[in-house]
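To keep things clear, I will list the structure first and then write my remarks on it.
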Amino acid sequence: MVFFQGKAEFGKLYPTPKKFCTKPAKIASVGSVLLSVRAPVGPTNIARKITAIGRGLAAISARGGITSEKYILYYFRCIEPWLSKQGTGTTFKAISGQFIKELIIPLPPVAEQNIISNKLDDLLARVESIKARLVNIPEVLKKFRQSVLNAAVNGNLTEEWRNNNCCSHNPTLNIQIEKKKWVTKNPKHNEVKRVIKRLKEFNGSQNEVGEKLPEGWSWQKLEDSVLMIVDCHNKTAPYIESGIPIVRTSNIRDGNLNWEGMKYVGREIYEYWSRRCRPEAGDIIFTREAPMGEATIIPQGQQLCLGQRTMLIRTIEKYVKAKFILTVLMSPSFRTRAESFAVGTGVKHYRVGDVSNLFIPVPPTEEQNEIVRRVDQICGYADSIQQMTDSALERIDNLTHSILAKAFHGELTAQWREENSELISGLNSAEALLKRIAVEKMECSISKKRVKKSNH
Numbered sequence: 003m004v005f006f007q008g009k010a011e012f013g014k015l016y017p018t019p020k021k022f023c024t025k026p027a028k029i030a031s032v033g034s035v036l037l038s039v040r041a042p043v044g045p046t047n048i049a050r051k052i053t054a055i056g057r058g059l060a061a062i063s064a065r066g067g068i069t070s071e072k073y074i075l076y077y078f079r080c081i082e083p084w085l086s087k088q089g090t091g092t093t094f095k096a097i098s099g100q101f102i103k104e105l106i107i108p109l110p111p112v113a114e115q116n117i118i119s120n121k122l123d124d125l126l127a128r129v130e131s132i133k134a135r136l137v138n139i140p141e142v143l144k145k146f147r148q149s150v151l152n153a154a155v156n157g158n159l160t161e162e163w164r165n166n167n168c169c170s171h172n173p174t175l176n177i178q179i180e181k182k183k184w185v186t187k188n189p190k191h192n193e194v195k196r197v198i199k200r201l202k203e204f205n206g207s208q209n210e211v212g213e214k215l216p217e218g219w220s221w222q223k224l225e226d227s228v229l230m231i232v233d234c235h236n237k238t239a240p241y242i243e244s245g246i247p248i249v250r251t252s253n254i255r256d257g258n259l260n261w262e263g264m265k266y267v268g269r270e271i272y273e274y275w276s277r278r279c280r281p282e283a284g285d286i287i288f289t290r291e292a293p294m295g296e297a298t299i300i301p302q303g304q305q306l307c308l309g310q311r312t313m314l315i316r317t318i319e320k321y322v323k324a325k326f327i328l329t330v331l332m333s334p335s336f337r338t339r340a341e342s343f344a345v346g347t348g349v350k351h352y353r354v355g356d357v358s359n360l361f362i363p364v365p366p367t368e369e370q371n372e373i374v375r376r377v378d379q380i381c382g383y384a385d386s387i388q389q390m391t392d393s394a395l396e397r398i399d400n401l402t403h404s405i406l407a408k409a410f411h412g413e414l415t416a417q418w419r420e421e422n423s424e425l426i427s428g429l430n431s432a433e434a435l436l437k438r439i440a441v442e443k444m445e446c447s448i449s450k451k452r453v454k455k456s457n458h
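To convert, count from 1 in the sequence shown and add 2; that's this note's numbering.
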């Protein structure tokens, strides 16, 4: 016999069989409403066939000619938000069978129950159809953003602009000149030796990627395109309740700084963890692991500390914009190339040296500015659509609750009651139903007593 344990097997209306048993302790009849009574409390489905149920479920059967299965199902879905908060217990919140038996349910005549169920079938199906279309929009927007980022870093986004505008030469050589100036001005900086080493190793424009770039662009190693790349202090910092935020890999997602779950360190720890190079506004933080390849820019006026498995990338804004580098790092084409350098059998990660030598496309500075402007504008449109979608989904959820509430306050069937008074009066009235239920209960009780006597 099919065996259902709880909400994990539920679908939109019917559960999916996954387990079977030969000696069921509890059985649900065909058409019974299956109610999840613990972890979580409230979700419902309908049994397609006679099934065994576990302790996590209760079966509520309709009385033929008195109550409708669909009506009961929809009522429990109406009260689900309230019901979910009624559970008691320490390990698992749960409701008892007695609690369910004592619930009060609005009981209109059977004909009206069926009308209510049919109207809810229709209205909620329409709502679900709209919701299904809205739910797909974020994935469409995600693919759209990815295509925009790829177009940005391969030159397609600014092709027309490039044909109509003159640009200066590729900034790569100017970057090396600026790095030499920086070395002269900062002889005691902790990273000066590293910068000098990269200057000596630089050998101009390269094309090891094998992909053709627009005229005026060049392939360059990441560290040759920026002032410096600095790895974090690879230890877990001691945290305090409040202080200087320390950015861990979990705090960076989709180009943004995520403040949820942010940890903090004291001034002394910050100074020691940042001894190689203090993070500044405008610097890029790049993650090497868990997850690898996420990046964000430090906002203006924000002091941050680098957490484990992160790297700092400092640009020379005069020639290469941090926002352009961020666009490259977030582009699917860059991530695909970078993944080939990932190492590790379990959790994949980047080695520091490999990140420094990843190739990026470098266009003229003026074109970088145009790329950043267009990406911000287009992705801004996408963000607006995302916000409208989220708002619409919230309204759709509220609409579902509103429709259910109206149904069980008689508002969906007010006109029907006026037009069909004969179906809700006399023997068809709710009062008559209650009398029939009382009679059936009494007859059932007498029958049980007779069975007990005959067994003695």
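Ideal Cβ placement from N, Cα and C applies to all residues, glycine included.
Are there 16 or more other CB atoms within 10 angstroms of the CB of residue i, so buried, or fewer, so exposed?
i: Glu319; result: exposed
i: Ala297; result: buried
i: Ala30; result: buried
i: Trp1; result: Any answer about residue 1 is impossible in this case: the structure gives the chain only from 3 up to 458.
i: Leu36; result: buried
i: Ile2; result: Absent from the structure is residue 2, since the part of the chain shown begins at 3 and ends at 458.
i: Asp378; result: exposed
i: Ser38; result: buried
i: Met390; result: exposed
i: Met332; result: buried
i: Asp399; result: exposed
i: Met294; result: buried
i: Gly66; result: exposed
i: Met230; result: buried
i: Gly157; result: buried
i: Thr415; result: buried
Examine chain C for any beta-carbon lying closer than 7 Å to the beta-carbon of residue i, and answer yes or no.
i: Trp418; result: Note that chain C does not occur in the displayed structure, where there is just one protein chain.
Over the uninterrupted alpha helix (DSSP H) stretch that includes residue i, give me the two end residues.
i: Gln379; result: Thr367 to Ala409
i: Asn156; result: Val112 to Asn156
i: Glu296; result: First-last for Glu296: Met294 to Ile299, but that is the beta strand (DSSP E), not the alpha helix (DSSP H).
i: Asn176; result: Thr174 to Lys187
i: Asn166; result: Glu161 to Asn166
i: Ile2; result: The chain is shown from 3 up to 458; residue 2 falls before or after that span and cannot be answered.
i: Ala416; result: Ala416 to Glu421
i: Ile271; result: Arg269 to Trp275
For my contact list, residue i and residue j are in at a C-beta cut-off of 8 Å; report their separation, rounded to the angstrom.
i: Gly33; j: Ala64; result: 7 Å
i: Ser70; j: Gln7; result: 26 Å between Cβ atoms; not a contact.
i: Phe326; j: Val374; result: 6 Å
i: Leu105; j: Ala384; result: With a Cβ gap of about 46 Å, Leu105 and Ala384 do not count as contacting.
i: Ile62; j: Ile52; result: 15 Å between Cβ atoms; not a contact.
i: Tyr463; j: Ile246; result: With the chain running from 3 to 458 in the structure shown, residue 463 is simply not present.
i: Val322; j: Ile177; result: 6 Å
i: His351; j: Glu291; result: 4 Å
If you follow the beta strand (DSSP E) that residue i is in, where does it begin and where does it stop?
i: Gly99; result: Careful: Gly99 lies outside any beta strand (DSSP E), inside the alpha helix (DSSP H) at Gly99 to Lys103.
i: Lys325; result: Where Lys325 is concerned, there is no enclosing beta strand (DSSP E), although the alpha helix (DSSP H) it sits in stretches over Ala324 to Met332.
i: Trp221; result: Ser220 to Lys223
i: Leu314; result: Thr312 to Arg316
i: Arg290; result: Ile286 to Arg290
i: Val43; result: Val43 to Ile48
i: Asp356; result: Counting along the chain, Asp356 falls outside any beta strand (DSSP E), though it belongs to the alpha helix (DSSP H) covering Val354 to Ser358.
i: Lys202; result: That residue, Lys202, is in no beta strand (DSSP E); its alpha helix (DSSP H) goes Val194 to Glu203.
i: Leu425; result: Neither: Leu425 is in no beta strand (DSSP E) and is coded neither H nor E.
i: Ser38; result: Val35 to Val39
i: Thr53; result: Thr53 to Ile55
Which residues in the same chain as residue i place their Cβ atom closer than 7 Å to its Cβ, once the five residues preceding and following it in sequence are excluded?
i: Phe410; result: Tyr77, Cys80 and Pro108
i: Pro334; result: Gln148, Leu151 and Asn152
i: Ala324; result: Gly284, Ile286, Ile299 and Thr317
i: Arg277; result: Asn192
i: Pro19; result: Val4
i: Gln304; result: Ala283
i: Leu215; result: Gly157, Trp221 and Pro363
Among the residues of its own chain, which have a CB less than 6 Å from the CB of residue i, if the five just before and after it don't count?
i: Arg376; result: Leu159
i: Lys28; result: Ile55
Going by beta carbon distance, what residues of the same chain come within less than 8 Å of residue i, once the five residues before and after it are set aside?
i: Cys23; result: Met3, Phe5 and Ala54
i: Arg419; result: Glu114, Gly412 and Ile426
i: Leu436; result: Leu109
i: Glu2; result: Past the edges of the chain, shown from 3 to 458, lies residue 2, and the structure says nothing about it.
i: Thr329; result: Leu151, Ala154, Val155, Ile373, Val374 and Val377
i: Val211; result: Trp221, Arg339 and Phe361
Using only the heavy atoms of the ligand GTP, determine whether one of them is closer than 6 Å to the beta carbon of residue i.
i: Glu243; result: As presented, the structure is devoid of all ligands, the ligand GTP included, so that no description of it is given.
Query raised in the report: Do three or more CB pairs link the region 303–311 to the region 221–237 at distances below 8 Å?
Result: The answer is yes - the region 221–237 touches the region 303–311, with three or more Cβ pairs under 8 Å.
Report task. Answer yes if the region 221–235 comes into contact with the region 355–364, meaning at least three C-beta pairs across the two stretches below 8 Å, and no otherwise. Result -> In short, these stretches touch, since the Cβ pair count reaches three.
Requested in this report: Flag this pair as touching only if the region 141–155 and the region 278–286 have three or more C-beta atom pairs under 8 Å; answer yes or no.
Outcome: no
Query - Touching by the beta-carbon criterion (3+ pairs, under 8 Å), the region 13–22 and the region 46–65 - result: With three or more CB-CB distances shorter than 8 Å, the region 13–22 counts as touching the region 46–65.
Query raised in the report: Any chance the region 391–399 sits against the region 131–140, with 3 or more Cβ pairs inside 8 Å?
Result: yes
Query raised in the report: Contact between the region 249–263 and the region 399–407: three or more CB pairs below 8 Å?
Result: Contact check between the region 249–263 and the region 399–407: fewer than three CB pairs, one atom from each, fall below 8 Å, which does not count as touching.
Query raised in the report: If you pair each beta-carbon of the region 265–274 with each one of the region 340–354, do three or more pairs fall below 8 Å?
Result: no
Query raised in the report: Taking three-plus beta-carbon pairs below 8 Å as touching, is the region 240–250 in contact with the region 165–182?
Result: The answer is no - the region 165–182 does not touch the region 240–250, with fewer than three Cβ pairs under 8 Å.
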